[in-house]
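Colleague: Let me begin by handing over the structure; questions about it come next.
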């Protein structure tokens, strides 16, 4: 059976991209649960050593997140290239769930895992942490360390380590808007050229974006997603493409050990992971029908770190497998509640607001009925 085009797959909810995102979020939990356990701190998950020294399981999962995000955020702008409505949709997807998560987890961390107890929430530090992270630190390049942790809570550890990637996600949203607003050609053609140009800038001249390896990788993967979106009308990614990607990555194993410390490369690893993500995302998955309209990945991503910290502290010593099992159970439950009680209602509210605004605008510009002749 011929694979659907990427445009056909992303035109509706009838695709597997929510499943891909859910798997990626779960892999991030796996990656963090192993070193965070209290029985054998610093342990590694079974997969990361196979990917070293180029990447690890968590970085790989986050990379796929950014690739998919580049596709869908670019699609969102192309469907409605209006800055205000675009910004409102992006804020509605990120901020409500994030704010509730920060409020809940910070209150529990301060109330149950600090010497001050619940009265610690009366201090300014927890609220500075909550609102600083909710606003993604206004996308400032340098985030003050005091905005990532609270004194006396979990021994001064970072309260929610993975949130730094949301900061980069927010910067990518701005990039898409700037590319769209500056369009001097038909939008899809312009986005394609901009993606190629910025990809070249990121990799040939890394000082353009600071030279930080994470910047280069996340920037490049998001822009690759943008590029794939511009090709979506004709782009088909199926299982034979996954097989070809595996074969190409397998060629790395023929290289001499004298040339490189690892037979794998970052490009080869991402090629396989990205192709697999696109293939799974493009197919219809009747068995995962519920996931096609309900995206629990964001909740899992933003809740899992503080949940693991609390479980590790409350039930020490806790080995990595038990911590992982308990963490997935608690985090998964919170993610479901977050989606159904916070994230989805916020998105529905914004959609209704934009529909009413559009209908009001249509009524305002509708031509008046001609007067009847006397």
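Numbering (the working numbering), first residue to last: 8 to 381. The C-beta atom is built at its ideal place from N, Cα and C for all residues, glycine as well.
(1) Alpha carbon to alpha carbon, how far is residue 232 from residue 200? Give it in angstroms, no decimals.
(2) What does the alpha-carbon distance come out to for the pair residue 362 and residue 92?
(3) Determine the DSSP secondary structure at residue 319, reduced to helix, strand or coil.
(4) Thinking C-alpha only, which one of 170, 194, 295 and 228 is nearest residue 282?
(5) Determine the extent of the alpha helix (DSSP H) in which residue 18 is found, giving its start and end residues.
(6) Enumerate in chain order the residues of its own chain whose CB-to-CB distance from residue 177 is below 6 Å, with the five nearest sequence positions on each side excluded.
(7) Which partner residues does residue 12 have in the DSSP bridge list?
(8) Any contact of the stretch 119-132 with the stretch 153-170, i.e. 3+ C-beta pairs under 8 Å?
(9) Who are the near neighbours of residue 352 in its chain, counting only those whose CB is closer than 7 Å to its CB and skipping five residues on each side?
(10) If you draw a straight line from the C-alpha of residue 67 to the C-alpha of residue 280, how long is it?
(11) Nearest-angstrom Cα distance between residue 381 and residue 364?
(12) What do you get for residue 313, buried or exposed, if any count of 16 or more other CB atoms within 10 angstroms of its CB means buried?
(13) Going by beta-carbon coordinates alone, are residue 288 and residue 79 separated by less than 8 Å?
(14) Compute the Euclidean distance between the alpha carbons of residue 357 and residue 272, then round it to the nearest angstrom.
(15) Could you work out which residue in 193, 198 and 257 is closest to residue 184 when comparing CA atoms only?
(16) Please state whether DSSP places residue 33 in a helix, a strand or coil.
(17) Less than 8 Å between the C-beta atoms of residue 109 and residue 137, yes or no?
(18) Starting from residue 141, trace the alpha helix (DSSP H) in both directions and tell me its first and last residue.
(19) Excluding the five sequence neighbours on either side, which residues of its own chain have a C-beta within less than 7 Å of the C-beta of residue 26, listed in chain order?
(20) Under the three-state reduction of DSSP, which class applies to residue 123: helix, strand or coil?
(21) Per DSSP, what are the beta-bridge partners of residue 165 in this structure?
(22) What do you get for residue 20, buried or exposed, if any count of 16 or more other CB atoms within 10 angstroms of its CB means buried?
(23) Drop a sphere of 10 angstroms on the beta-carbon of residue 119, count the other beta-carbons inside from all chains shown, and report buried for 16 or more, exposed for fewer.
(24) Is it buried or exposed, residue 113, if we count other Cβ atoms within 10 angstroms and call 16 or more buried?
(25) Report the CB separation of residue 315 from residue 43 in whole angstroms; it is logged as a contact under 8 Å.
(26) Considering just the uninterrupted stretch of the alpha helix (DSSP H) at residue 179, what are its terminal residues?
(27) Taking buried to mean at least 16 other C-beta atoms within 10 Å of its own C-beta, is residue 276 buried or exposed?
(28) Check the C-beta distance from residue 65 over to residue 38 and give it rounded, since I have them as a contact under 8 Å.
(29) Rounded to whole angstroms, how far is the Cβ of residue 3 from the Cβ of residue 100, which I believe are closer than 8 Å?
(30) Tell me the residue span of the alpha helix (DSSP H) that contains residue 273.
Modeller: Looking at the coordinates:
(1) 13 Å
(2) 11 Å
(3) helix
(4) 228
(5) First-last for residue 18: undefined, no H or E at that position.
(6) 143 and 146
(7) 243
(8) yes
(9) none
(10) 8 Å
(11) Bear in mind that a pLDDT of 33 at residue 381, under 50, signals an unreliable position, so the number given afterwards is only what the model happens to contain. Cα to Cα, the separation comes out at about 37 Å.
(12) buried
(13) no
(14) 42 Å
(15) 198
(16) helix
(17) yes
(18) 131-141
(19) 287, 292, 295 and 298
(20) coil
(21) 156
(22) exposed
(23) exposed
(24) buried
(25) 5 Å
(26) 171-188
(27) buried
(28) 3 Å
(29) Because residue 3 is not part of the residues shown, which for the chain are 8 to 381, the question remains open.
(30) 273-289
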